[in-house]
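Residue numbers (the working numbering): 2 to 492.
For each residue, glycine too, the CB sits at the ideal point set by N, CA and C.
Encoded as structure tokens, the structure appears first; notes follow it.
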Ligand SMILES: [Zn+2]
């Protein structure tokens, strides 16, 4: 959908053109000629030809055809259409329709017709006016047929996954293909409509959440039933893969009209699936700092650049989530990897520990449950606190689950093992092993993903080594060997 400012600007241009056209028609062939252009609408054995001007038609005769009472209120400056128990209000120069008090927003603004009606596109007529009255359109050779009932969309598979945290639950609905979503909520229920789609639920993975009672396919899309006291806090969409993320919480929210999210643009497939390297932290987020001021964000970028050079030299396509000292939201980092359909996602970090003697590298992969041990949980807490996600709330709120991970997880475990194995053998470091923890930066990755803590900044000796170009190069070579071993073994 386009933005409102553009719509109103182009509206002014269109209005000017309309006036010129009308003037020309009136001067030339006379007023009757303006009626010759028209579009036919058929409904229940009856037909009307409604005036057309450019890409717009007069919607008033069409609304009358389906039996709606249509009238203009000069005092309010608005039009009203009533049919059954539905009342619509709309007005020229306004890009929304009120349907029984619910605000529907559109990227276009209807205009007054010179004949006294309302000019709008067929799309606006169907989505904003006929749709709320319970009809949809079927195109014919010479116009449209108006059919009762909602448009039947293409089947669309939806996979639901939920993660419960202290005060909130993140519900992730992964869509098989992009579709414009709109969300409305009433007491105890959320309705998720997906444009031109007939959603089907993938029931192969059971949904477990204390804040979601059930998800069913209903007349308007998906009906999400909530337990008493739970409401929708916020929602947003992500791409690569297309997802609708709903934040649920234990408070009764004030119902407000939620604007529809824009459809995600089609994703261009890269010819070669790149390795995506994520230098942890950046910008204001320094990450861990050693006692003498060595910053994690600088170490991770230096090692990432070397790793990218090595992999490129070996013929791999490589992308970094940041190439300079910039901040990046944790969720944007995997989103980039997903968008590029990366073969592998590796996030680089450097550790800090209260035990100054702790040294060595450790590799993590995503855990859907709890961390493999308390230390792993603590590392995840620190890295997750880097936060900076796509919306407010605690870092844990940002965890975006994707149960497709179940299959990806096994491969992530192998990737982590391959990397850790090479780090141990090439760097002669104490084996700290492969661990699992719920890292925000790894969640939502749709490819094998691992997070490497390349060493301890809290250990003075290791901190210095991490700034040594020769050691950084050896680290990068070990990481490259691990990634390549994984890719060779048929990732
Ligand atoms: Zn870090």
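Residue i burial status per 10 Å Cβ neighbour count (16 or more: buried)
{"i": "residue 484", "result": "buried"}
{"i": "residue 309", "result": "buried"}
{"i": "residue 48", "result": "exposed"}
{"i": "residue 311", "result": "buried"}
{"i": "residue 75", "result": "exposed"}
{"i": "residue 156", "result": "exposed"}
{"i": "residue 347", "result": "buried"}
{"i": "residue 226", "result": "exposed"}
{"i": "residue 343", "result": "buried"}
{"i": "residue 206", "result": "exposed"}
{"i": "residue 114", "result": "buried"}
{"i": "residue 92", "result": "buried"}
{"i": "residue 385", "result": "buried"}
{"i": "residue 426", "result": "exposed"}
{"i": "residue 265", "result": "Bear in mind that a pLDDT of 41 at residue 265, under 50, signals an unreliable position, so the number given afterwards is only what the model happens to contain. When all chains shown are included, residue 265 counts as buried."}
{"i": "residue 153", "result": "exposed"}
Inter-residue Cα distance where the pair is residue i and residue j
{"i": "residue 487", "j": "residue 199", "result": "39 Å"}
{"i": "residue 479", "j": "residue 417", "result": "13 Å"}
{"i": "residue 138", "j": "residue 128", "result": "10 Å"}
{"i": "residue 170", "j": "residue 202", "result": "20 Å"}
{"i": "residue 190", "j": "residue 475", "result": "55 Å"}
{"i": "residue 471", "j": "residue 378", "result": "32 Å"}
{"i": "residue 57", "j": "residue 244", "result": "34 Å"}
{"i": "residue 81", "j": "residue 228", "result": "37 Å"}
{"i": "residue 412", "j": "residue 290", "result": "32 Å"}
{"i": "residue 187", "j": "residue 122", "result": "31 Å"}
{"i": "residue 204", "j": "residue 220", "result": "19 Å"}
{"i": "residue 396", "j": "residue 481", "result": "Interpretation of residue 396 is limited by its pLDDT of 30, a score under 50 that renders its predicted location unreliable; no figure is taken from the coordinates."}
{"i": "residue 431", "j": "residue 251", "result": "46 Å"}
{"i": "residue 89", "j": "residue 331", "result": "43 Å"}
{"i": "residue 367", "j": "residue 211", "result": "22 Å"}
{"i": "residue 359", "j": "residue 298", "result": "20 Å"}
{"i": "residue 464", "j": "residue 293", "result": "9 Å"}
{"i": "residue 163", "j": "residue 428", "result": "40 Å"}
{"i": "residue 270", "j": "residue 449", "result": "For residue 270, the predicted model reports a pLDDT of 37, less than 50, meaning its position is unreliable; a value from the coordinates is still stated below. Each residue's alpha carbon lies about 18 Å from the other."}
{"i": "residue 168", "j": "residue 232", "result": "12 Å"}
{"i": "residue 334", "j": "residue 457", "result": "23 Å"}
{"i": "residue 126", "j": "residue 60", "result": "6 Å"}
{"i": "residue 398", "j": "residue 213", "result": "Residue confidence is low: residue 398 scores 27 on pLDDT, short of 50, so the model does not pin down where it sits. No coordinate-derived value is stated."}
{"i": "residue 382", "j": "residue 440", "result": "8 Å"}
{"i": "residue 322", "j": "residue 41", "result": "53 Å"}
{"i": "residue 79", "j": "residue 380", "result": "59 Å"}
{"i": "residue 473", "j": "residue 176", "result": "41 Å"}
{"i": "residue 166", "j": "residue 62", "result": "53 Å"}
{"i": "residue 257", "j": "residue 178", "result": "In this predicted model, residue 257 has a pLDDT of only 40, less than 50, meaning its place in the structure is not dependable enough to derive any value."}
{"i": "residue 195", "j": "residue 124", "result": "16 Å"}
{"i": "residue 437", "j": "residue 414", "result": "9 Å"}
{"i": "residue 284", "j": "residue 51", "result": "59 Å"}
{"i": "residue 223", "j": "residue 45", "result": "30 Å"}
{"i": "residue 111", "j": "residue 99", "result": "14 Å"}
{"i": "residue 459", "j": "residue 357", "result": "6 Å"}
Residue closest to residue i, alpha-carbon to alpha-carbon, out of the options
{"i": "residue 230", "options": "340, 249 and 431", "result": "249"}
{"i": "residue 238", "options": "432, 193, 215 and 304", "result": "193"}
{"i": "residue 434", "options": "365, 54, 46 and 477", "result": "365"}
{"i": "residue 1", "options": "145, 149 and 128", "result": "No information on residue 1 is available, as it lies outside the stretch 2 to 492 that the chain covers here."}
{"i": "residue 242", "options": "438, 353, 337 and 410", "result": "337"}
{"i": "residue 279", "options": "168, 382 and 443", "result": "443"}
{"i": "residue 286", "options": "328, 299, 293 and 462", "result": "328"}
{"i": "residue 84", "options": "98, 67 and 453", "result": "67"}
{"i": "residue 306", "options": "293, 295, 292 and 325", "result": "325"}
{"i": "residue 97", "options": "70, 477, 130 and 333", "result": "130"}
{"i": "residue 117", "options": "71, 166 and 438", "result": "71"}
{"i": "residue 218", "options": "247, 461 and 160", "result": "160"}
{"i": "residue 86", "options": "209, 95, 94 and 69", "result": "69"}
{"i": "residue 54", "options": "468, 38, 376 and 99", "result": "38"}
Residue i - partner residues in DSSP beta bridges
{"i": "residue 137", "result": "148"}
{"i": "residue 436", "result": "365"}
{"i": "residue 342", "result": "For residue 342, which the question treats as bridged, DSSP gives no partner whatsoever."}
{"i": "residue 73", "result": "80"}
{"i": "residue 196", "result": "Beta-bridge pairing links residue 196 to no other residue."}
{"i": "residue 103", "result": "100"}
{"i": "residue 472", "result": "For residue 472, which the question treats as bridged, DSSP gives no partner whatsoever."}
{"i": "residue 42", "result": "49 and 145"}
{"i": "residue 156", "result": "199"}
{"i": "residue 217", "result": "224"}
{"i": "residue 90", "result": "81 and 99"}
{"i": "residue 279", "result": "348"}
Residue-chain proximity (residue i, chain B), Cβ-Cβ < 8 Å
{"i": "residue 297", "result": "In the displayed structure, chain B is absent; only one protein chain is listed."}
Exercise. Do three or more CB pairs link the segment 270-287 to the segment 304-324 at distances below 8 Å?
Worked result: Put simply, the segment 270-287 touches the segment 304-324. At least three CB pairs are less than 8 Å apart.
Specify whether the segment 143-158 and the segment 90-109 touch according to this definition: at least 3 beta carbon pairs, one from each stretch, less than 8 Å apart. Verdict: no, contact absent.
| Can you find at least 3 beta carbon pairs, one from the segment 422-430 and one from the segment 344-359, that sit closer than 8 Å? | No, the segment 422-430 does not touch the segment 344-359.
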